[in-house]
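> Below: one structure in structure tokens.
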Amino acid sequence: MSDRKSLGLLMKKKSSPSSPLAGSEVARASRAWLGFFGQNQGQSKRLKDVEISFPIVYGTISFWLGKKASEYNSHKWTVYVRGATNEDLSVIVKRVVFQLHPSFNNPTRIVESPPFELSESGWGEFEIAINIFFHNDVCDKQLDLYHQLKLYPEEDNGPQSTKKPVVIETYDEIVFFEPSEAFFLRVQNHPAAMVPRLPAGLNLPPPGPPELVLEKKRGDTKDHPLSQCFMNFSEADELLKLAAARQQVGLITHCV
Numbered sequence: 031m032s033d034r035k036s037l038g039l040l041m042k043k044k045s046s047p048s049s050p051l052a053g054s055e056v057a058r059a060s061r062a063w064l065g066f067f068g069q070n071q072g073q074s075k076r077l078k079d080v081e082i083s084f085p086i087v088y089g090t091i092s093f094w095l096g097k098k099a100s101e102y103n104s105h106k107w108t109v110y111v112r113g114a115t116n117e118d119l120s121v122i123v124k125r126v127v128f129q130l131h132p133s134f135n136n137p138t139r140i141v142e143s144p145p146f147e148l149s150e151s152g153w154g155e156f157e158i159a160i161n162i163f164f165h166n167d168v169c170d171k172q173l174d175l176y177h178q179l180k181l182y183p184e185e186d187n188g189p190q191s192t193k194k195p196v197v198i199e200t201y202d203e204i205v206f207f208e209p210s211e212a213f214f215l216r217v218q219n220h221p222a223a224m225v226p227r228l229p230a231g232l233n234l235p236p237p238g239p240p241e242l243v244l245e246k247k248r249g250d251t252k253d254h255p256l257s258q259c260f261m262n263f264s265e266a267d268e269l270l271k272l273a274a275a276r277q278q279v280g281l282i283t284h285c286v
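Read in order, the letters of the sequence shown are residues 31 to 286 in the working numbering.
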């Protein structure tokens with residue numbers, strides 16, 4: 031089991047699609063609280079009152095096969111975990127396990143390098159379990175997510191089109207509390223990380239070699255063939271949703 035204390039508390043739909051090609055889009059926002067306090071981080075000093083967050087998006091994009099469709103093979107689809115603005119997440123993610131419906135051959139699919147995704151084809155909709163495993167210096171617990179594969183538009187306005195995919199995505203934010211000094215230094219300049227200012231009086235040595243940031247990033251989805259279908263999650267819009275989620279979490283924590 032994962033330490034998700036608030037994932038799923040805030041599930042909102044956007045009022046308008048943000049991708050011009052999508053036939054049906056749903057955006058959801060929530061915040062996954064991963065409070066890891068130094069597990070598997072050796073003797074590296076922990077940074078009190080510091081948190082590092084990584085916005086992520088997970089979801090599916092499905093295409094109707096048109097004339098190639100058959101009774102048991104009507105759609106091609108891709109399930110994935112990506113950076114919220116399409117950055118490479120391998121700086122924290124070691125592997126992702128996708129658990130498909132038992133009717134698939136080898137339903138447990140392990141992806142150990144970016145991009146963290148897989149593509150399949152079929153005819154039915156089902157829930158996909160997504161298990162995210164992190165590098166040892168990040169944390170020793172996995173994050174369990176669940177996503178409902180959708181093949182058909184929510185609003186049936188006519189025949190399906192092979193050019194208009196059905197896109198269902200969820201925005202989330204993984205937060206690491208009191209990270210180790212080594213972890214902080216390793217990711218502080220990474221484009222996928224949201225790193226706050228350090229507390230007053232806390233000084234750290236400069237980061238080491240910047241190869242993780244400067245080299246061509248594996249798994250960067252900015253040039254992904256499906257990038258035009260990905261939804262654009264506005265920072266301002268999401269900050270409002272996350273603020274509401276924090277209030278909800280505070281209320282639940284207080285009641286507990």
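For each residue, glycine too, the CB sits at the ideal point set by N, CA and C.
The structure presented is a predicted model; accordingly, all values stated were derived computationally and were not measured.
What did DSSP end up calling E211 once you bin it into helix, strand or coil?
Your numbering for residue 211 matches position 181 in the sequence shown. Three-state DSSP puts E211 in a helix.
> Output the boundary residues of the beta strand (DSSP E) element that contains L77.
Translated into positions along the sequence shown, residue 77 becomes position 47. Run containing L77: none; DSSP gives neither H nor E here.
> Reducing DSSP to helix, strand and coil, say where G96 ends up.
The count along the sequence shown starts at 1 and reaches residue 96 at position 66. Note: G96 maps to helix in three-state DSSP.
> Taking the CB atoms as reference points, tell me whether M112 and I86 lie closer together than 8 Å.
Within the sequence shown, the letter at position 82 stands for residue 112. Within the sequence shown, the letter at position 56 stands for residue 86. Checking the sequence, you will find Arg at residue 112 rather than Met. A contact, by the Cβ cut-off of 8 Å.
> Between the Cα of V109 and those of P144, V225, S100, spot the shortest distance and give me the residue it belongs to.
Taking the first residue of the sequence shown as position 1, residue 109 is located at position 79. The shortest Cα separation from V109 among P144, V225, S100 belongs to P144.
> I'd like to confirm the pairing. Which residues does DSSP put opposite L148 in its beta bridges?
The residue labelled residue 148 in the question sits at position 118 within the sequence shown. DSSP output for L148 lists V109 as bridge partner(s).
> Assuming L130 and F214 form a contact by the criterion Cβ under 8 Å, report the distance between their Cβ atoms to the nearest whole angstrom.
Taking the first residue of the sequence shown as position 1, residue 130 is located at position 100. Taking the first residue of the sequence shown as position 1, residue 214 is located at position 184. The pair is not a contact, with the Cβ atoms about 36 Å apart (cut-off 8 Å).
> Looking only at its own chain, which residues have a Cβ that is under 7 Å from the Cβ of R125, when we skip the five neighbours before and after it?
Here residue 125 is taken as the residue at index 95 of the sequence shown, counted from 1. For R125, where only same-chain residues beyond five positions count, the Cβ hits under 7 Å are I140, V141, E142, F163.
> Which residues in the same chain have their Cβ closer than 6 Å to the Cβ of T138, if we skip the five residues on either side of it in sequence?
Translated into the one-based positions of the sequence shown, residue 138 becomes position 108. Around T138: Q129.
> Kindly indicate if chain C contains any beta-carbon less than 8 Å away from that of V123.
In the structure shown, chain C cannot be found, because there is only a single protein chain.
> Less than 8 Å separating the beta-carbons of Y176 and A114?
For the purposes of this step, residue 176 is taken as residue 146 along the sequence shown, with counting starting at 1. For the purposes of this step, residue 114 is taken as residue 84 along the sequence shown, with counting starting at 1. Against a cut-off of 8 Å, the Cβ pair of A114 and Y176 comes out as no contact.
> Of the residues V225, K171, G154, which one's Cα is nearest the Cα of W94?
Against the sequence shown, residue 94 aligns to sequence position 64. Per the Cα distances, G154.
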